[in-house]
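Residues in the sequence shown are numbered from 1478 upward in steps of one, following my numbering.
The structure appears below as structure tokens.
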Amino acid sequence: MKNNIKVNLLICLGFFLLLIIIINNRPDFNEQTIRNDVYVENSKEIKVKHSGSWDLTGSPILIDGNAGWASANSTYDWCNGSGTQAHPYIIENVTINGQGASSCIEIRNSNVYFIIRNCTLMYSRDNDGDAGIRLDNVDNGRIENNYLYDNGEDGIYLAGDSDNNIIFNNTIDWNDHYGIFIAGGDLNQIIDNDITRNLYGVNLEFVGSSPVDNIIENNTIDDSDFYGIRIRTQGWRTIIRNNTITNTGYYGIYLWGNADDVEILNNTISSSGQYGVAVTYDSDGVIIRGNTLDNNVVAGVYFYSYSRATVSYNNFSNNDYSILSENSYGSNIFSNNLGDAGIGLKGSEPRFFDHTIALSNMVNGKSVYYYYQINGLSEANFMDPGQILLARCNNSVISNQNISSSSVGIGIYYCNYNKILNNTIENQLIGLELFKSNHSIIKNNTISGSGQGIHVNDCTNNTLVNNTAILNSKGIYVEYTQRHLITENIANNNTQEGIMLYYCDNVNNVTFNTALYNDVGISLYGSDLNIVANNSANHNTRGIIVQSGSEFNLIANNTINNNTQIGIDLKEYSNNNTITRNILLGNNRGFYLLASFSFWVLMDNNITYNLLTQNNYGLYLDEYVENNNIVNNTFKDNFNHGIYISQATCSGNFFYNNSFIGNAVNARSVGTNYWNNSEIGNYWDDYTGYDANGDGIGETPYTNNGVNDELPICYRADTNPPIITENNINDGDFFGFAAPVFNLDITEFSLNQTWYRLWNGTVLTANETFSYNQGVDTPMKQTVWDQVGNGTVTISFYANDSNGNWNFLNITVYKDIIIPVITITEPTFGATFGDTAPNFQISITETNNDTSWYTIDGGSTNYTFTGLTGTINQTAWNNAPEGAITLWFYANDSAGNIGANSQIINKILPTPNAPGSFTISTDADNPDDDGIFRINWTISAGADNYSIYWWTNNITVITLPSANLIIDGLTNFSMLIPKMHDGTYYFAVVAHNASGSTISKNLIIVVNIRVGYGSDDDDDDDDDDDDNNLIMILIFTITIGSAITGSMIYYIERRKKKSRLVPVTKKKLMEKKEIHDTIIEKKISSIMPAKPSKEILPNLIDKKIILEIFNKEDSLEKIAQILNELGITFVSESFLEKVDSFDWEEIDKKEFLNEMLSYSPKEREEIIEDMFNKSNLKKNKK
1478 MKNNIKVNLL ICLGFFLLLI IIINNRPDFN EQTIRNDVYV ENSKEIKVKH
1528 SGSWDLTGSP ILIDGNAGWA SANSTYDWCN GSGTQAHPYI IENVTINGQG
1578 ASSCIEIRNS NVYFIIRNCT LMYSRDNDGD AGIRLDNVDN GRIENNYLYD
1628 NGEDGIYLAG DSDNNIIFNN TIDWNDHYGI FIAGGDLNQI IDNDITRNLY
1678 GVNLEFVGSS PVDNIIENNT IDDSDFYGIR IRTQGWRTII RNNTITNTGY
1728 YGIYLWGNAD DVEILNNTIS SSGQYGVAVT YDSDGVIIRG NTLDNNVVAG
1778 VYFYSYSRAT VSYNNFSNND YSILSENSYG SNIFSNNLGD AGIGLKGSEP
1828 RFFDHTIALS NMVNGKSVYY YYQINGLSEA NFMDPGQILL ARCNNSVISN
1878 QNISSSSVGI GIYYCNYNKI LNNTIENQLI GLELFKSNHS IIKNNTISGS
1928 GQGIHVNDCT NNTLVNNTAI LNSKGIYVEY TQRHLITENI ANNNTQEGIM
1978 LYYCDNVNNV TFNTALYNDV GISLYGSDLN IVANNSANHN TRGIIVQSGS
2028 EFNLIANNTI NNNTQIGIDL KEYSNNNTIT RNILLGNNRG FYLLASFSFW
2078 VLMDNNITYN LLTQNNYGLY LDEYVENNNI VNNTFKDNFN HGIYISQATC
2128 SGNFFYNNSF IGNAVNARSV GTNYWNNSEI GNYWDDYTGY DANGDGIGET
2178 PYTNNGVNDE LPICYRADTN PPIITENNIN DGDFFGFAAP VFNLDITEFS
2228 LNQTWYRLWN GTVLTANETF SYNQGVDTPM KQTVWDQVGN GTVTISFYAN
2278 DSNGNWNFLN ITVYKDIIIP VITITEPTFG ATFGDTAPNF QISITETNND
2328 TSWYTIDGGS TNYTFTGLTG TINQTAWNNA PEGAITLWFY ANDSAGNIGA
2378 NSQIINKILP TPNAPGSFTI STDADNPDDD GIFRINWTIS AGADNYSIYW
2428 WTNNITVITL PSANLIIDGL TNFSMLIPKM HDGTYYFAVV AHNASGSTIS
2478 KNLIIVVNIR VGYGSDDDDD DDDDDDDNNL IMILIFTITI GSAITGSMIY
2528 YIERRKKKSR LVPVTKKKLM EKKEIHDTII EKKISSIMPA KPSKEILPNL
2578 IDKKIILEIF NKEDSLEKIA QILNELGITF VSESFLEKVD SFDWEEIDKK
2628 EFLNEMLSYS PKEREEIIED MFNKSNLKKN KK
């Protein structure tokens, strides 16, 4: 027995030890159970740690299939494990910036066990389905302690029937769409995550399959743009519990489309833009229990479109409605603390008001009384209610109740023949609401502080009498109703309308109501065939407004005073209304008519028998107001205008039989409007016309500020004479032979006859009648004018009216029919003048002389002058041709008579003198053997300067290019010609004077140069002469880039041992390749005092610098150091001395030296030696 006990003990001990080993080796992966017992061990102690062990930025992780896990495990350090439940694969401590290329981590087609933890994942691609972590057809995964942010689509996305996954303790924020998206998977758990600032928080959705048996628990979801949690299209048996959801744009929790058997338990939902929990579109079997719903804008819980739920043990606060059901029925609502908002019921059919709503629902600590299909209710059925809701209940009385802050104080739906009496209701969305309820009486109720005091919607034949609706948004709001009597109510101090009919028609009577201090006293919006009469609409912003196509209404006998903007406002295609016998006093605008667009024309209204007084504007027409009748109204003492028409689009309106009295401006009109009918116009207190025939109509139109009333009402007889004004003729005017032209304005509405006559102190003409045309020039009859002679004439104009009143106007003028007489003293007949214009002297016989002028070209140009003497215009004289010229003088008098006289004179210009004769000579031999010679000439009397030309044949006409211009503008009388080639040359010297006249002299020079002269064959090196006497002047040119300037340049061209001076342009020079010596510019300077050649030489050439005077030996040593770019030449002192020995002017020396610099030193020495010898030879011959 004992052995058996020992054996049993050993067995038990071994089993116990084995159990301990199994428990200790169980991985975290299994620290969970499914469905109702979901729990994660020590979940609150696990903190997300930001990884950094592996930075895989730009290298997202993709694992496809179980084999993909094995491959990753064997390849990468960031993956380890074996994929079993005890040893799952683990990816941890990874940071991935997806760089918009793909998901950061994507797992496909896997059912091994794995964990992704402690990773930071961001900036995944923004395609649908991409995410920080994407699981596609993946089971048995655990995603924990990760940080997922700024991903292009979702934080975590489960697709393709991914089941049995846990998403735990992650931080998921700032993702562009969903924080977590589960598309069709089952048995997934979303636990303890922090999900903030995403477009959507958590979304479970049917994508290929229904997501079933998922759990969303203990999450914090904040600041989602649309909703916190959404179950869309099925999502059956989802449990949503213990979540905190705040600050969503629309919904906290949103069930959409057959989301059945969902449990919403113990959540805290606050600050949703619309609804805390919304159950919509056939979502059935929903349980909403134990939740806290606070500060959700529209409703804490909302049912819509055939959805049903059990709502119990919830706490509501600060919602517009705690629970709102619309087009849904069959919900069970009990034991809720509704706080300060009650239950709202809306629906288009009676069944949508059929719910089970228990008395255990408390609003403000009072029970909600809800009755469905119970008739004959009385005050005893409502014991201190927090809210009263009746559906399909008839013949009941609700009276003497005090109800506050329950969304809808009393709601009556599909009920008939009820009475709501003597109740006090305050601080509601809707104080008292009737929907689809008829033949009821609402009387003696006081509703205040509510959105809508009384709201009657889609009802008929109700009576609203003696109710007080104050301090609401809308006082009494009636829409889509017929045959209502709204009478003797007080609707004051409401922020919008006191009384409003919205799309109501078929004779609703709004009578004897008081609407004070509202934005709008009484409003008709899209409402037809109503009567608004005998109401007081005072001290509002607008008294009565008829707008948006309200037609065939009668607005009558209302008192509409002291409204800050408008008394009666008629707007937007509200046509065919009659507005009559109203008093409008002290408003900014009594009537205001406006249609904002051309397709909303306001037309065919009748505004009659109204009194508009002491308004700023009596009647104001703004835009597109057409064909309305404004008749029999009184516009009195209005401070700005009686009637003001602001736009030309207001046209075709009729205004007649109205009275305008004491207004600042009676009327102002634009557009085409009619201010009288065929019989009568309007009474205008500023009309100045008269009733001449006693018919009560003025004889002249009333025209003022665009108004033209052809038949103004008038009772004043005419006792005033016509008033005559002349526009053309003034006292003291002069007239000649032609009769004057007059232009009269006669003010007289019953003008009868007009005439005039003339008197010159001797002759009085007979009365001459004429047809008066206002403002039209009318010539006086010439035969009448001819009867009076030269001198003073009085013109008398007369007019009378039909009542015998007459008047006249006298104007005294001067008749001058004597023509001015001109006598010409100078110039005398036939006088001759040259370049200078002649003087003139005339006399004029005329007492009323006005203007004098002359012409010398037959009147093409006239020159006015004052006085009797002057000089003919010099420019005109210069332009006149030579020969006989007729000089005309004119004078006119004040009457326009013109006198004239003429004189014939002659214009003969002197002949200009040509330069005087001169002689020309040369020192050239015949023939000349060196090509260098001088041309001399004598002075030409009257010449200013000289030019020299040459060519190779005889010059007959000296013009370029037939001749070559050597130089012009010379003022001296000699020119040195440089070395010329063999040939015969024809030279001409031309003398010029200032008048452009010339005279020329010619000569012929033959050049035949001796053979060998100037060649380089001479063996004698002149450079070896007398070193002590040789002084070299080094002149160089720095050629940087292209520094060649000037109008003409020269170079030395050597060919076959002969040299010639060749003129070239700068362009040609730059193209030349055979430039052997220096380049110089030809620059002729002004004549200066004579200087030795040594002083002249350094200043001859621009851009050249005298460096130094060297002897021959030093010079050669220095020159060797100078760059190749320098152009160099040498001038000996003996050369300069020989030049100075010639009897030349300094300018000749300059010119000669300038030319010689273009030769080589040897050539220069040959030339100067030859010239020197010839000069001595000539001296010896003399």
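Every residue gets a Cβ at the ideal spot worked out from N, C-alpha and C, and that includes glycine.
Model, not experiment: these values are computed from the prediction.
DSSP places aspartate 2168 in no beta strand (DSSP E); its state is neither H nor E. Take the alpha-carbon of arginine 2411 and the one of aspartate 2400: they are about 6 Å apart. The residue among Thr2202, Arg2145, Asn2204 and Ile2206 with its C-alpha nearest the C-alpha of tyrosine 2179 is Arg2145. If you check the CB distance, serine 1837 and serine 1799 do not come in under 7 Å. In the three-state DSSP reduction, glutamate 2225 falls in the coil class, being neither helix nor strand. If you draw a straight line from the Cα of aspartate 2459 to the Cα of leucine 2634, it is about 22 Å long. For leucine 1906, the CB contacts under 7 Å within the same chain, skipping 5 residues up- and downstream, are Asp1797, Ser1884, Val1885, Ser1927 and Gly1928 in chain order. Rounded to the nearest whole angstrom, the C-alpha separation of isoleucine 2043 and tyrosine 2097 is 10 Å. By the CB criterion at 7 Å, asparagine 2059 and asparagine 2093 fall outside the cutoff.
Annotation for asparagine 1550: the continuous alpha helix (DSSP H) segment containing it runs 1542-1552. Take the alpha-carbon of asparagine 1665 and the one of isoleucine 1692: they are about 6 Å apart.
When DSSP states are grouped into helix, strand and coil, aspartate 1996 belongs to the coil group. Setting aside the 5 residues that flank it on each side, arginine 1785 is surrounded in the same chain by Asp1761, Gly1807 and Ser1808, each with a C-beta closer than 6 Å to its C-beta; the list follows chain order. Beta-bridge partners assigned by DSSP to proline 2256: Val2218.
According to the DSSP assignment, glutamine 2024 belongs to no alpha helix (DSSP H) but to the beta strand (DSSP E) extending over 2019-2024. The beta carbon of leucine 1867 sits closer than 6 Å to the beta carbons of Tyr1848, Ile1889 and Cys1892 from its chain, once the five residues preceding and following it are set aside; these are given in chain order. In the three-state reduction of the DSSP assignment, lysine 2048 falls in the strand class. Rounded to the nearest whole angstrom, the CA to CA distance from aspartate 1831 to isoleucine 1764 is 18 Å.
In chain order, Tyr2133 place their CB closer than 6 Å to the CB of asparagine 2154, counting only its own chain and leaving out the 5 sequence neighbours on each side. Rounded to the nearest angstrom, the gap between the Cα atoms of aspartate 1690 and valine 1756 is 18 Å.
Just measuring C-alpha positions, the residue of Thr2332, Ile2319, Pro2198 and Gly2335 sitting nearest asparagine 2280 is Pro2198. Our two residues, aspartate 2407 and tyrosine 2462, have alpha carbons roughly 14 Å apart in a direct line. Taking the Cα positions, phenylalanine 1793 is about 6 Å away from aspartate 1771.
Burial state of serine 2075 is exposed, judged by a 10 Å Cβ sphere holding fewer than 16 other Cβ atoms. In the same chain as isoleucine 2486, and ignoring 5 residues on each side of it, the C-beta atoms closer than 7 Å to its own belong to Asp2406, Asp2407, Gly2408 and Asp2459, in chain order.
Around the beta carbon of threonine 1715, 16 or more other beta carbons lie within 10 angstroms, which makes this residue buried. The C-alpha of tyrosine 1894 is placed about 5 Å away from the C-alpha of serine 1917.
Looking at the backbone, the Cα of leucine 2286 and that of isoleucine 2375 are separated by about 31 Å.
In the three-state reduction of the DSSP assignment, phenylalanine 2395 falls in the coil class. The secondary-structure analysis by DSSP pairs arginine 1709 across a beta bridge with Glu1682 and Trp1733. Residue environment for tyrosine 1731: buried (at least 16 other C-beta atoms within 10 angstroms of its C-beta). In this chain, glutamate 2028 is not harboured by any beta strand (DSSP E), its DSSP state being neither H nor E. Judged by DSSP in its simplified three-state form, isoleucine 1765 adopts strand. If only uninterrupted beta strand (DSSP E) runs of at least 3 residues are considered, those enclosed by the segment 1925-1950 are 1929-1934, 1940-1942 and 1945-1947. Taking asparagine 1791 as reference, the option from Asn2470, Gly1819 and Glu1803 with the minimal CA-CA separation is Gly1819.
With a cut-off of 8 Å on Cβ pairs, the segment 2234-2247 is not in contact with the segment 2204-2216, counting fewer than three such pairs.
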